[in-house]
Amino acid sequence: MPSRQLEDPGAGTPSPVRLHALAGFQQRALCHALTFPSLQRLVYSMCSLCQEENEDMVPDALQQNPGAFRLAPALPARPHRGLSTFPGAEHCLRASPKTTLSGGFFVAVIERVEMPM
Numbered sequence: 001m002p003s004r005q006l007e008d009p010g011a012g013t014p015s016p017v018r019l020h021a022l023a024g025f026q027q028r029a030l031c032h033a034l035t036f037p038s039l040q041r042l043v044y045s046m047c048s049l050c051q052e053e054n055e056d057m058v059p060d061a062l063q064q065n066p067g068a069f070r071l072a073p074a075l076p077a078r079p080h081r082g083l084s085t086f087p088g089a090e091h092c093l094r095a096s097p098k099t100t101l102s103g104g105f106f107v108a109v110i111e112r113v114e115m116p117m
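Numbering (UniProt numbering), first residue to last: 1 to 117.
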């Protein structure tokens, strides 16, 4: 099925109220996932172009667990990086419909920091 975003980039943008609700749910889900004791690596991926659902999620989640997690490079050979909204955003991957012929997406890889024994 063809993507309407390729014809009209604003077609998939939620209303501000909906975006706030989606971002809140995603933040709770991401922070909850980081509480799993055996979690070593988590891939946070969104089929969204909204900064509120993408780059804004990562530093907030890392701050909930200071020193326990860090960003790992997501597909480092790919040229498309996250928006420079926080230190480490260059480790994230952001694909835009304009540059990748995709519907657009975001990927961040969060990994547990090994504690010295």
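Ideal Cβ placement from N, Cα and C applies to all residues, glycine included.
Indicate whether residue i and residue j have their beta-carbon atoms separated by less than 8 Å.
i: V58; j: F86; result: yes
i: A68; j: V113; result: yes
i: E52; j: L19; result: yes
i: V107; j: A77; result: no
i: L34; j: Q64; result: yes
According to DSSP, which residues form a beta bridge with residue i?
i: A95; result: F105
When you compare each of the options to residue i by their alpha carbons, which one comes out closest?
i: M46; options: N54, L39, G67; result: N54
i: E111; options: H80, A29, A61, T13; result: A61
i: L49; options: R81, E114, Q40, V109; result: R81
i: S96; options: Q27, L83, P66; result: L83
i: A89; options: R70, A21, S15; result: R70
Cα separation between residue i and residue j?
i: P37; j: V43; result: 16 Å
i: G104; j: Q40; result: 27 Å
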